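Asks: Numbering follows my numbering, in which position 40 of the sequence shown is assigned residue number 41; successive positions increment by one, without gaps. Even glycine gets a Cβ: it sits at the ideal position worked out from N, Cα and C. This one's a predicted model, so the numbers in the text were calculated from it and none came from an experiment.
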Amino acid sequence: AEKNLPKAKMAVLVQDMVQAQVSGVAMSCDPVTGTEGVIIEAEAGVGGVVDGKTTPHSYRGSTGDDLLPGPVLLEVSRLCCGLALRFGHEVDIEWAWDGTDVWLLQCRPITAIGGN
């Protein structure tokens with residue numbers, strides 16, 4: 002029976018590392034309450050928010066600060082909302098800003114909203 006099984010295929014993706022000044026996550030809605038509006042969490046450098054070793058800066062809206070300027074917050078928000086619209090469900094993204102461009106690193110659905 003094993004002779005008829007298709008051979009497993011593997012894909013490997015190699016890409017350049019984004020030299021991030023700031024990186025973080027953004028959610029297209031509040032995953033705890035379900036409240037509309039993008040939540041952005043950010044930290045200086047690469048991976049500070051995702052690895053859980055720091056308490057990230059948290060943003061709602063487009064009021065920036067020394068870490069993350071308002072135009073960058075707006076770009077991350079637009080990216081997050083655009084992906085939610087495109088896929089038809091709320092999303093959680095990982096992103097990075099290299100001082101010039103915002104990079105999308107990962108996008109996944111928010112699967113539990115408001116304790117569901």
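1) Sort C81, I41 and R109 by Cα distance to L135 and report the nearest one.
2) What do you get for W104, buried or exposed, if any count of 16 or more other CB atoms within 10 angstroms of its CB means buried?
3) Out of curiosity, what's the CA-to-CA distance linking L75 and S63?
4) Just to confirm my understanding: we take E91, look at its own chain, exclude 5 residues before and 5 after, and list those with CB closer than 6 angstroms. What are they?
5) Give me the residue from G115, G71, L106 and G100 with the minimum Cα distance to A45.
6) Going by C-alpha distance, which of Q107, V13, P72 and T36 is nearest V19?
7) Report the partner residues of L105 according to the DSSP bridge assignment.
8) Which complete beta strand (DSSP E) runs does the region 48 to 91 hold, if anything under 3 residues is left out?
Replies: Judging by the given coordinates:
1) There is simply no residue 135 to check, as the chain begins at 2 and stops at 117 in what is shown.
2) exposed
3) 6 angstroms
4) S29, C30, A85 and I111
5) G100
6) Q107
7) W96
8) 58 to 60
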